[in-house]
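Peer 1: This structure is in structure tokens; I'll ask about it shortly.
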Amino acid sequence: MIKKFVLTIFLVLGSYCLVSAETIRLSYANFPPASTFPSVQMERWKEAVEERTNGQVRVDTYPGGSLLGARNMFRGVIQGQADIGNICMSYQPGVFPMTTVLELPLGFTSSKVASIVLWELFEKYQPQEFEQVKVLTMFGTAPSNLMTKQPVRNLAELKGMEIRASGTASQILDILGAVAVDMPMSETPEALQRGMVKGLLSSLEVLMDFNFAAYTPYQTRLDLQVYPFAVIMNKDKWNSLPQDVQNVMEELRLEQAIWTGEYMDAQVEKSLEYARDNYDNQMFELAAEEYAEIDEKLEFLIEKWKEEATKNNLPADEILADLFRLKEYYEAELAVQ
Ligand code: 3IO
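Okay, so the sequence shown: first residue is 1407 according to the working numbering, each after it adds one.
What follows is the structure, encoded as structure tokens:
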């Protein structure tokens, strides 16, 4: 009897210790608020990982810059202040010479296609720019459009207007005659409210997710560049994970990119409806000649990217050729769905 009791205690305690010793806790930092797409995809990833590892892994999420902000995310993950972090490559010009190819005005029409193409290019070329971290997934936004306090119906109305953007998008604004003000998205609500900027250039789901519809009731259709993102993990932390956990995370990489792209594309549609219904927002189109003028003015950015990429030992022409081939392939596939 006593023997059996002791044995039971031993088994209960033993299995308890075993379980708790095996529970791996990971911190995941994100810079924008919980309501925005980078943080929504973070929660989806957390749930998928916790479920598929049968609770062996627990992910503690920190949205809204509560653990690391936009400006120190990359360094913070490399140094291990967070195990996982979400970065926007546009926020550190020059640091990501390959994946910022997405920032060129190449005519992406959806976040889903941009995300798959970005992921496949990364997989194929394994660029040095991510050597210090383990990449868990990547995604790109829907193409960027202008959201402004005053109407921009033509390029003349854009002239001299302070507009918030990041990375190549800022260069694009300057080329088009606006005055680019560079800052991460997470600093944009305050800049808009204080009148430091008169608008922004980004994907349109922010009209709803940040309620920018209340501040920038005018939109101008430009369908410009895409903002590229990566979810990265501290390399030592990655190497410390058991093989089965690594497998779950590796199997999630493309799936998560597609999930995020689909989520964002749907969110853009909802956002436009929300802005119309609640704030009577208006979307302008430019005249055909002005679209042609924009294409012409921005063309040299591709050459400029190639030069930079070549300096960084990247096969620039091959990357661009792959990008166009993949983009066409997935756009055709998406169209028949
Ligand atoms: C973005 C960043 C954080 C939250 C929502 C967002 N929607 C689009 C972006 C892209 C971006 O990083 C930017 O700076 O426009």
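C-beta atoms are modelled at their ideal positions from N, C-alpha and C, and glycine is treated no differently. Every value quoted in this text rests on a predicted model; they were computed, and no experiment measured them.
CB-CB under 8 Å to D1701, same chain, minus the five flanking residues each way: which ones, in chain order?
Peer 2: By one-based count along the sequence shown, residue 1701 stands at place 295. For D1701, where only same-chain residues beyond five positions count, the Cβ hits under 8 Å are P1511.
Peer 1: If we ignore side chains and look at the alpha-carbon of each, how far apart do D1683 and K1676 end up?
Peer 2: Here residue 1683 refers to the residue found at position 277 when the sequence shown is read from its first residue. Here residue 1676 refers to the residue found at position 270 when the sequence shown is read from its first residue. Spanning the two alpha carbons is a distance of roughly 10 Å.
Peer 1: According to DSSP, simplified to helix, strand and coil, what is L1508?
Peer 2: Here residue 1508 refers to the residue found at position 102 when the sequence shown is read from its first residue. Helix.
Peer 1: Comparing the CB of P1590 with every heavy atom of the ligand 3IO, is any distance shorter than 8 Å?
Peer 2: In the sequence shown, residue 1590 corresponds to position 184, counting from 1. Yes, since a heavy atom of the ligand 3IO falls inside the 8 Å radius drawn around the Cβ of P1590.
Peer 1: Could you tell me which residues DSSP pairs with N1551 in its beta bridges?
Peer 2: Translated into positions along the sequence shown, residue 1551 becomes position 145. Per DSSP, S1608.
Peer 1: Taking only the alpha-carbon atoms, compute the straight-line gap between E1656 and D1686 and give it to the nearest angstrom.
Peer 2: Translated into positions along the sequence shown, residue 1656 becomes position 250. Translated into positions along the sequence shown, residue 1686 becomes position 280. E1656 and D1686: Cα-Cα distance of roughly 44 Å.
Peer 1: Taking 8 Å as the cut-off, is the beta-carbon of A1597 closer than that to any non-hydrogen atom of the ligand 3IO?
Peer 2: Taking the sequence shown and counting its residues from 1, one reaches residue 1597 at position 191. No, the Cβ of A1597 stays beyond 8 Å of every heavy atom of the ligand 3IO.
Peer 1: Quick check: what's the CA-CA separation for L1417 versus P1721?
Peer 2: Counting from one through the sequence shown, the residue named residue 1417 turns up at place 11. Counting from one through the sequence shown, the residue named residue 1721 turns up at place 315. Interpretation of L1417 is limited by its pLDDT of 49, a score under 50 that renders its predicted location unreliable; no figure is taken from the coordinates.
Peer 1: Can you list the alpha helix (DSSP H) stretches of 4 or more residues lying completely in the segment 1540–1588, in chain order?
Peer 2: 1561–1564 and 1574–1581, all fully within the segment 1540–1588.
Peer 1: Out of M1689, A1681, W1644 and V1632, which has the shortest C-alpha to C-alpha gap to A1620?
Peer 2: Taking the sequence shown and counting its residues from 1, one reaches residue 1620 at position 214. Answer by Cα proximity: A1681.
Peer 1: Quick one: what's got a C-beta closer than 7 Å to K1604's C-beta in the same chain, skipping five residues either side?
Peer 2: Start at 1 with the first residue of the sequence shown, and residue 1604 comes out as number 198. Once the five neighbours on either side are set aside, the close Cβ partners of K1604 are T1554, K1555, Q1556, M1567, E1568 and I1569.
Peer 1: Would a C-beta distance cut-off of 9 Å place R1458 and W1665 closer than the cut-off?
Peer 2: Residue mapping note: residue 1458 aligns to position 52 of the sequence shown, counting from 1. Residue mapping note: residue 1665 aligns to position 259 of the sequence shown, counting from 1. The answer is no: Cβ separation not under 9 Å.
Peer 1: Since A1746 sits in a beta bridge, which residues does DSSP pair it with?
Peer 2: Since the first residue shown for the chain is 1407 and the last is 1743, residue 1746 is missing from the structure and cannot be characterised.
Peer 1: Under DSSP, the alpha helix (DSSP H) around D1686 begins and ends at which residues?
Peer 2: In the sequence shown, the residue the question calls residue 1686 occupies position 280. First-last for D1686: undefined, no H or E at that position.
Peer 1: Alpha carbons only, please: which of V1501, S1517 and E1596 is nearest the one belonging to P1533?
Peer 2: Here residue 1533 refers to the residue found at position 127 when the sequence shown is read from its first residue. Taking only the C-alpha atoms, the option nearest P1533 is V1501.
Peer 1: Does Q1688 pass the burial test, meaning 16 or more other C-beta atoms within 10 Å, or should it be called exposed?
Peer 2: Here residue 1688 corresponds to residue number 282 of the sequence shown, with the count starting at 1. So Q1688 ends up on the exposed side.
Peer 1: Confirm the yes/no value for this check: CB of D1629, any heavy atom of the ligand 3IO, distance under 8 Å.
Peer 2: Mapped onto the sequence shown, residue 1629 falls at position 223. False, no ligand heavy atom lies under 8 Å from that Cβ.
Peer 1: Can you tell me where the beta strand (DSSP E) with S1433 in it begins and where it stops?
Peer 2: Within the sequence shown, numbered from 1, the residue matching residue 1433 stands at position 27. That run of the beta strand (DSSP E) goes I1430 to A1435.
Peer 1: Would you report the Cα separation of Q1487 and L1474, rounded to the nearest angstrom?
Peer 2: Taking the first residue of the sequence shown as position 1, residue 1487 is located at position 81. Taking the first residue of the sequence shown as position 1, residue 1474 is located at position 68. Their Cα atoms are separated by approximately 8 Å.
Peer 1: DSSP has D1629 in a bridge; who is on the other side?
Peer 2: Here residue 1629 corresponds to residue number 223 of the sequence shown, with the count starting at 1. Answer is none; D1629 lacks a bridge partner.
Peer 1: For R1464, write down the residues that DSSP places opposite it in a beta bridge.
Peer 2: Counting from one through the sequence shown, the residue named residue 1464 turns up at place 58. Answer by DSSP bridge pairing, in chain order: R1431.
Peer 1: Is the separation between the beta-carbon of Q1662 and that of T1543 shorter than 9 Å?
Peer 2: To locate residue 1662, count along the sequence shown from 1; it is residue 256. To locate residue 1543, count along the sequence shown from 1; it is residue 137. Yes, they are a contact pair.
Peer 1: Identify whether Y1669 lies in helix, strand or coil by the three-state DSSP scheme.
Peer 2: As a working mapping, residue 1669 is identified with position 263 in the sequence shown. Three-state DSSP puts Y1669 in a helix.
Peer 1: Rounded to whole angstroms, how far is the Cβ of G1513 from the Cβ of P1634, which I believe are closer than 8 Å?
Peer 2: For the purposes of this step, residue 1513 is identified with residue 107 of the sequence shown, where counting begins at 1. For the purposes of this step, residue 1634 is identified with residue 228 of the sequence shown, where counting begins at 1. Between P1634 and G1513 the Cβ distance is about 16 Å, and since that is not below 8 Å, they are no contact.
Peer 1: Tell me the rounded alpha-carbon separation between E1705 and N1640.
Peer 2: Here residue 1705 is taken as the residue at index 299 of the sequence shown, counted from 1. Here residue 1640 is taken as the residue at index 234 of the sequence shown, counted from 1. Looking at the two C-alpha atoms, the distance is approximately 37 Å.
Peer 1: The alpha helix (DSSP H) with Y1735 in it runs from where to where?
Peer 2: For this step, residue 1735 is matched to residue 329 along the sequence shown. A1722 to V1742 is the extent of the alpha helix (DSSP H) around Y1735.
Peer 1: Hey, could you find the ends of the alpha helix (DSSP H) Q1599 is sitting in?
Peer 2: Working through the sequence shown from its first residue, we reach residue 1599 at position 193. Element bounds for Q1599: T1594 to Q1599.
Peer 1: Take V1519 as the anchor and find which of A1715, G1667 and I1493 has the nearest alpha-carbon.
Peer 2: Numbered from its first residue, the sequence shown carries residue 1519 at position 113. When only C-alpha atoms are compared, the closest one is G1667.
Peer 1: Please determine, among N1478, Q1485, Y1736 and M1504, the residue with the shortest C-alpha to C-alpha distance to Y1497.
Peer 2: Residue mapping note: residue 1497 aligns to position 91 of the sequence shown, counting from 1. The residue with the shortest Cα to Cα distance from Y1497 is N1478.
Peer 1: With a threshold of 8 Å, establish whether the CB of Y1468 neighbours any heavy atom of the ligand 3IO.
Peer 2: One-based indexing of the sequence shown puts residue 1468 at position 62. Y1468 Cβ: outside cutoff for every heavy atom of the ligand 3IO.
Peer 1: Just to confirm before moving on: does the CB-CB distance between Q1538 and I1493 stay below 9 Å?
Peer 2: Residue mapping note: residue 1538 aligns to position 132 of the sequence shown, counting from 1. Residue mapping note: residue 1493 aligns to position 87 of the sequence shown, counting from 1. Cβ atoms of Q1538 and I1493: not closer than 9 Å.
Peer 1: Per DSSP, which one or two residues make a beta bridge with Y1621?
Peer 2: Taking the sequence shown and counting its residues from 1, the one referred to as residue 1621 is at position 215. None; Y1621 has no bridge partner.
Peer 1: Could you check the C-alpha separation between T1594 and R1731 for me, to the nearest Å?
Peer 2: On the sequence shown, residue 1594 is found 188 positions in, with the first residue counted as 1. On the sequence shown, residue 1731 is found 325 positions in, with the first residue counted as 1. Taking the straight line from one Cα to the other gives about 35 Å.
Peer 1: Who are the near neighbours of V1612 in its chain, counting only those whose CB is closer than 6 Å to its CB and skipping five residues on each side?
Peer 2: As a first step, residue 1612 must be located in the sequence shown, where it is residue number 206. So the qualifying residues of the chain are F1618.
Peer 1: For K1703, I'd like the list of residues in its chain whose CB is within less than 8 Å of its CB, leaving aside the five on either flank, ordered along the chain.
Peer 2: Here residue 1703 is taken as the residue at index 297 of the sequence shown, counted from 1. Closer than 8 Å at Cβ, skipping near neighbours: I1581 and L1582.
Peer 1: Identify, in the order they occur along the chain, each residue of the same chain with its Cβ nearer than 7 Å to the Cβ of P1362, setting aside the five sequence neighbours on each side.
Peer 2: There is simply no residue 1362 to check, as the chain begins at 1407 and stops at 1743 in what is shown.
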